[in-house]
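Line by line, the protein sequences give chains H and Z.
Sequential numbering from 48 applies to the first sequence in my numbering.
Sequential numbering from 424 applies to the second sequence in my numbering.
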Amino acid sequence: MNVRVSLSVAFSLAVLFSALPIWLPSADHAQTASAEESLAPRETVSETVVANLEQANLEQANLEQAEFKQAGVCSRCHVVSVLEWSLSGHVAAETSCQSCHGESRAHVANERNEIEPDRLPRGDAIAAALCATCHESGCPNTLEMQSCQDCHHVHALIHPSETAVEEDHHLQQLLDRWTEFQRRTARGEELVLEEQWQPARDEFRAATRLVPGNRRAQQRLKMCLRRIHPEMPGFTRFGAEVNQETGLPTKVRVDELEATMLLVPAGECDIGSEQLPDSRPIHTVRVGAFYLGRHEVTQSQWEAIMEANPSVHQGEGFSDADRRPVERVSWDDCQEFLRRLNVRVAGGGFRLPTELEWEYACRGGQTEAHVQFAGTSADASEGSPRWPAASRQSGDLVNHAWSRTNSLRSAEQADESQFLDINAYAPRPVGTLRPNEWGFQDMHGNVAEWCADRFRPYLSAFGDHHALEDGDGVLTGGTVMRVLRGGSYADAGVALDAAYRHATRPQRRLRWNGLRLARNVPVVDLDGPSDPVEDR
Amino acid sequence: MSCEYSRRQFLRHGGGLVAASATGSVILAADQPAPIREYRRGGMLYRQLGDTDLHLSALSFGSHINPALRVAAKSGGTLSEQGQAARDRHISKAIDYGVNMVDTYENAGQWQPLARLVRNQRDRVLVSICRQFPNFVGNNIDDAARLYGHVDLYRIYVGDGERVSDATLEDWDVMRKAKQIGKVRSIGISTHSERMMLSALEDLDGLDYIMFPYNFIHARADYSEFLPAAIKKRVGLIAIKPLAAGSIVKLDPRAPPGSTPENSRIELYQKSNRPLLPAVVRKLTDSVNRSPDESLCQAALRFVYSRPFITSAMPGMFQEHELDDNYAALQNHLRLSGNFQEVLEAARHLCQVRGREWLPPHYRWLDQQWRV
Numbered sequence: 048m049n050v051r052v053s054l055s056v057a058f059s060l061a062v063l064f065s066a067l068p069i070w071l072p073s074a075d076h077a078q079t080a081s082a083e084e085s086l087a088p089r090e091t092v093s094e095t096v097v098a099n100l101e102q103a104n105l106e107q108a109n110l111e112q113a114e115f116k117q118a119g120v121c122s123r124c125h126v127v128s129v130l131e132w133s134l135s136g137h138v139a140a141e142t143s144c145q146s147c148h149g150e151s152r153a154h155v156a157n158e159r160n161e162i163e164p165d166r167l168p169r170g171d172a173i174a175a176a177l178c179a180t181c182h183e184s185g186c187p188n189t190l191e192m193q194s195c196q197d198c199h200h201v202h203a204l205i206h207p208s209e210t211a212v213e214e215d216h217h218l219q220q221l222l223d224r225w226t227e228f229q230r231r232t233a234r235g236e237e238l239v240l241e242e243q244w245q246p247a248r249d250e251f252r253a254a255t256r257l258v259p260g261n262r263r264a265q266q267r268l269k270m271c272l273r274r275i276h277p278e279m280p281g282f283t284r285f286g287a288e289v290n291q292e293t294g295l296p297t298k299v300r301v302d303e304l305e306a307t308m309l310l311v312p313a314g315e316c317d318i319g320s321e322q323l324p325d326s327r328p329i330h331t332v333r334v335g336a337f338y339l340g341r342h343e344v345t346q347s348q349w350e351a352i353m354e355a356n357p358s359v360h361q362g363e364g365f366s367d368a369d370r371r372p373v374e375r376v377s378w379d380d381c382q383e384f385l386r387r388l389n390v391r392v393a394g395g396g397f398r399l400p401t402e403l404e405w406e407y408a409c410r411g412g413q414t415e416a417h418v419q420f421a422g423t424s425a426d427a428s429e430g431s432p433r434w435p436a437a438s439r440q441s442g443d444l445v446n447h448a449w450s451r452t453n454s455l456r457s458a459e460q461a462d463e464s465q466f467l468d469i470n471a472y473a474p475r476p477v478g479t480l481r482p483n484e485w486g487f488q489d490m491h492g493n494v495a496e497w498c499a500d501r502f503r504p505y506l507s508a509f510g511d512h513h514a515l516e517d518g519d520g521v522l523t524g525g526t527v528m529r530v531l532r533g534g535s536y537a538d539a540g541v542a543l544d545a546a547y548r549h550a551t552r553p554q555r556r557l558r559w560n561g562l563r564l565a566r567n568v569p570v571v572d573l574d575g576p577s578d579p580v581e582d583r
Numbered sequence: 424m425s426c427e428y429s430r431r432q433f434l435r436h437g438g439g440l441v442a443a444s445a446t447g448s449v450i451l452a453a454d455q456p457a458p459i460r461e462y463r464r465g466g467m468l469y470r471q472l473g474d475t476d477l478h479l480s481a482l483s484f485g486s487h488i489n490p491a492l493r494v495a496a497k498s499g500g501t502l503s504e505q506g507q508a509a510r511d512r513h514i515s516k517a518i519d520y521g522v523n524m525v526d527t528y529e530n531a532g533q534w535q536p537l538a539r540l541v542r543n544q545r546d547r548v549l550v551s552i553c554r555q556f557p558n559f560v561g562n563n564i565d566d567a568a569r570l571y572g573h574v575d576l577y578r579i580y581v582g583d584g585e586r587v588s589d590a591t592l593e594d595w596d597v598m599r600k601a602k603q604i605g606k607v608r609s610i611g612i613s614t615h616s617e618r619m620m621l622s623a624l625e626d627l628d629g630l631d632y633i634m635f636p637y638n639f640i641h642a643r644a645d646y647s648e649f650l651p652a653a654i655k656k657r658v659g660l661i662a663i664k665p666l667a668a669g670s671i672v673k674l675d676p677r678a679p680p681g682s683t684p685e686n687s688r689i690e691l692y693q694k695s696n697r698p699l700l701p702a703v704v705r706k707l708t709d710s711v712n713r714s715p716d717e718s719l720c721q722a723a724l725r726f727v728y729s730r731p732f733i734t735s736a737m738p739g740m741f742q743e744h745e746l747d748d749n750y751a752a753l754q755n756h757l758r759l760s761g762n763f764q765e766v767l768e769a770a771r772h773l774c775q776v777r778g779r780e781w782l783p784p785h786y787r788w789l790d791q792q793w794r795v
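The structure is reproduced here in structure tokens:
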């Protein structure tokens with residue numbers, strides 16, 4: 048089912064259900080009140096809620112989704128809780144479901160809901176174990192360390208003076224906040240169209256204070272701040288194009304390396320493949336904006352930083368070696384390269400992409416997982432029952448990827464020798480084939496690209512994907528293998544698939560493994576007018 | 424409630440959980456049945472290959488072709504029409520006996536004939552392939568996968584040095600990818616060096632099996648360092664040269680005429696028909712004669728089969744009676760009688776006192792490896 052539609056419906060249900068405790072009389076009331084009395088407020092509130100929500104859903108579809116996306120997999124079931132959490136001050140304090148309930152992997156994986164979360168704090172325990180970590184002096188009103196849930200709702204949304212049985216006062220307050228929030232954001236968008244960045248910033252800032260957890264408003268605020276303060280240490284702007292969503296230049300240059308990096312806009316897409324055992328299951332991920340090298344790191348770029356070139360394909364017979372990708376580098380070598388690069392370039396922050404970032408960029412905006420080779424007209428066809436994926440033909444992949452089908456050093460070799468050894472193949476200079484939809488070249492083939500992640504099955508990482516915002520997606524706790532993506536000139540067929548995951552030891556230097564640079568976008572301080580601060 | 428049952432485990436043991444859900448109970452991981460490691464069907468014994476889902480027959484069919492019937496070919500040599508017909512007949516008979524693994528080597532010109540033979544019985548036959556050097560592993564696997572649909576066992580010969588080379592690590596990377604994709608079901612190596620085997624256990628991730636020489640004669644048959652490490656890592660072990668490259672066939676005084684696998688020139692008796700070591704040969708002959716229904720080769724194979732860590736043995740078989748003989752070793756029991764313990768001891772002694780000449784000339788270099 049379409050994710051946007053489902054989340055809109057979820058939101059509607061959320062607010063409806065969140066109102067339920069207010070409409071329904073308490074247990075004591077139920078014993079004395081007549082049926083007519085108990086139904087009367089329900090109809091009044093329902094009409095109000097539905098009318099407001101219909102308008103809200105239509106006009107602010109993106110806004111409503113933000114909280115649920117941020118809550119990740121939890122929002123699929125706990126709609127009411129996520130909504131309460133999103134409207135409470137706890138979002139501003141950067142809490143998440145996991146803050147109180149633990150990672151709860153088994154609970155997430157158990158679709159029949161037989162396994163409870165790791166922690167379900169109740170009563171006095173919640174005060175001592177959780178609330179006190181932030182509210183050190185106890186309840187701000189009573190100044191006592193008591194159970195927060197005695198007065199507040201489970202997720203600490205409702206003010207103690209507004210108990211649940213006091214009709215719909217609390218709900219009305221929420222709806223008023225939403226209305227004001229919507230007015231502010233709409234005004235902000237109008238100002239953005241007029242390129243009045245500072246007034247727009249003020250509107251979005253006010254909106255984020257009304258609903259602290261709203262990611263969309265935060266993004267627009269960041270965009271305005273970036274427009275006001277466009278400086279980016281370590282980057283030279285390359286072209287005038289600016290991403291309208293983020294306010295970031297789409298193309299930048301790293302002068303020290305003479306390398307071009309392109310902005311990968313924030314978004315979500317389906318990654319994985321059901322036909323590749325290590326890529327199951329297909330699942331949706333959300334990735335924050337980041338910069339990624341347009342090409343793989345070349346031998347000359349590596350040499351400029353490391354003062355040595357470990358590549359096999361250099362010297363005699365490789366006159367254009369400096370433009371070929373560096374290879375025979377281990378993951379550990381890459382870390383040393385990045386360390387030196389970050390010292391040399393102002394602002395630093397260069398890193399390897401996470402594999403989710405890599406796949407997201409490789410798919411180039413194609414959000415459906417069945418797209419194997421972004422940028423191509425590659426098609427799937429039937430193959431052997433045992434390896435159907437491996438026999439799929441790759442359409443015009445030869446125009447996008449240097450693979451074993453087109454990377455022979457000379458055509459004569461194929462005719463002269465019955466057997467071709469690995470030396471018959473070689474990577475080619477970067478950027479000589481067509482780019483994908485977002486402008487990245489050689490994502491498939493040429494050299495396989497190291498990613499930051501340790502390799503581990505997707506399933507166990509499932510609950511962590513919501514944490515990928517702002518590139519903080521390096522998975523830990525898996526095996527010692529590090530992930531490689533994209534396949535290489537020595538691969539053919541499905542090993543070049545966007546979803547194909549390979550991994551090897553971080554110390555291993557193989558002649559087809561290279562790297563591509565990634566860098567976080569500069570983070571901005573949402574509360575102050577200060578300049579952007581590079582995230583290291 | 425705490426529960427260690429992950430989603431992965433849930434999927435793996437889905438059947439049990441589905442059944443459990445029907446009765447409203449949840450089965451946790453504690454009572455999972457152990458995987459079947461060994462079973463018999465007909466007269467054949469099958470064993471699990473390491474940690475893979477493959478069960479190999481204890482007797483498997485090797486890739487060597489009869490040199491007497493070899494003719495020159497572009498690929499390096501193949502069989503004459505008559506020799507090919509004989510080999511096809513032998514393989515068919517072996518499959519009927521329950522042999523389910525057939526090894527083949529491109530350079531021996533056997534890819535196409537084997538593909539023709541097993542095309543309609545891939546569910547019964549596991550195809551084992553060794554990399555054709557210097558062909559790039561990726562090409563070799565793709566060619567084989569196209570021909571056979573998939574390859575069940577793929578291996579590379581990694582040499583007999585001390586450590587796995589960088590080139591081998593690169594080949595291994597390609598093999599792992601082929602296995603991930605499903606072109607190959609298990610990947611392994613072959614070598615004659617214990618040092619190399621130990622290095623492979625340490626350096627090659629996802630190693631499914633090792634083919635290595637294993638028989639009762641040679642000096643390092645116990646592989647005291649390697650075997651415990653391999654068993655601990657649950658790596659499948661396939662014995663090659665279980666009859667010491669055919670040398671054991673010729674040690675048997677009752678070996679029928681024509682039993683000359685691997686063009687062995689080793690002679691139990693010199694041309695003058697005088698025993699080389701009269702006392703040892705007499706003892707050997709006496710011992711063998713006390714068991715008229717069993718041959719020395721059967722005893723040698725039983726020695727290998729009786730090791731539970733050996734998944735399969737791959738003796739060279741050029742003659743039909745050799746196949747029958749090797750198969751018969753599996754029929755009754757795998758224990759060695761006291762008499763045959765003596766036979767093997769006598770044969771071992773004979774080989775050791777004769778130094779490197781106990782092996783056929785083209786395998787004598789192995790003696791150095793085994794005696795290191």
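The beta-carbon is built from N, C-alpha and C at its ideal position, and this holds for glycine as well.
For residue i, return the contacting residues in chain H, with the cut-off set at a CB-CB distance below 9 Å.
i                      : result
residue 621 of chain Z : The contacting residues do not exist; residue 621 of chain Z stays about 18 Å from chain H at best.
Starting from the beta carbon of residue i, find every residue of chain Z whose beta carbon is closer than 7 Å, and list them in chain order.
i                      : result
residue 569 of chain H : None at all; the shortest Cβ gap to chain Z is about 37 Å.
residue 558 of chain H : 593
residue 451 of chain H : 561
Report buried or exposed for residue i, applying the criterion of at least 16 other Cβ atoms within 10 angstroms of its Cβ.
i                      : result
residue 436 of chain H : Because the pLDDT of residue 436 of chain H is 41, which lies under 50, any placement of that residue in the model is unreliable, and the question is left without a value.
residue 16 of chain H  : The structure shown does not extend to residue 16 of chain H, since chain H spans only 48 to 583, so no value can be given for it.
residue 521 of chain Z : buried
residue 773 of chain Z : buried
residue 446 of chain Z : For residue 446 of chain Z, the pLDDT reaches just 36, beneath the cut-off of 50, and the residue's location in the model is therefore unreliable, although a value from the coordinates is still provided. By the neighbour-count rule (16 or more Cβ atoms within 10 Å), residue 446 of chain Z is not buried but exposed.
residue 151 of chain H : buried
residue 647 of chain Z : exposed
residue 498 of chain H : buried
residue 462 of chain Z : exposed
residue 393 of chain H : exposed
Using a cut-off of 8 Å between C-beta atoms, extract the partners of residue i located in chain Z.
i                      : result
residue 339 of chain H : Near residue 339 of chain H there are no residues of chain Z at all, since even the closest Cβ is about 24 Å away, more than 8 Å.
residue 552 of chain H : 628
residue 325 of chain H : 603
Which bits of chain Z does residue i rub up against, with CB to CB less than 9 Å?
i                      : result
residue 456 of chain H : In chain order: nothing, as chain Z lies at least about 13 Å away.
Below 7 Å on C-beta distance, what does residue i contact in chain H?
i                      : result
residue 395 of chain Z : Any answer about residue 395 of chain Z is impossible in this case: the structure gives chain Z only from 424 up to 795.
residue 596 of chain Z : 551 and 557
Under 9 Å between the Cβ atoms of residue i and residue j?
i                      : j                      : result
residue 468 of chain H : residue 559 of chain Z : yes
residue 575 of chain Z : residue 613 of chain Z : no
residue 494 of chain H : residue 450 of chain H : no
residue 371 of chain H : residue 476 of chain H : yes
residue 569 of chain H : residue 341 of chain H : no
residue 368 of chain H : residue 361 of chain H : yes
residue 662 of chain Z : residue 610 of chain Z : no
Show which residues of chain H have a CB atom less than 8 Å away from the CB atom of residue i.
i                      : result
residue 600 of chain Z : 538, 542 and 549
So which of the options has the shortest CA-CA distance to residue i?
i                      : options                       : result
residue 530 of chain H : H/554, H/540 and H/350        : H/554
residue 488 of chain Z : Z/708, Z/533 and Z/467        : Z/533
residue 657 of chain Z : Z/473, Z/468, Z/467 and Z/459 : Z/473
residue 620 of chain Z : Z/465, Z/546 and Z/654        : Z/654
**Contact list for the region 376–390 of chain H against chain Z, Cβ threshold 7 Å** = none
**Prompt:** Closer than 9 Å, Cβ to any Cβ of chain H: which residues of the region 550–566 of chain Z, in chain order?
**Reply:** 555, 556, 557, 558, 559, 560, 561, 562, 563 and 565
**Request:** Could you name the residues of the region 466–489 of chain H whose beta carbon sits closer than 8 Å to any beta carbon of chain Z, in the order they occur along the chain?
**Result:** 466, 467, 468, 469, 471 and 472
**Contact residues within the region 217–251 of chain H, judged by C-beta distance below 9 Å to chain Z** = none
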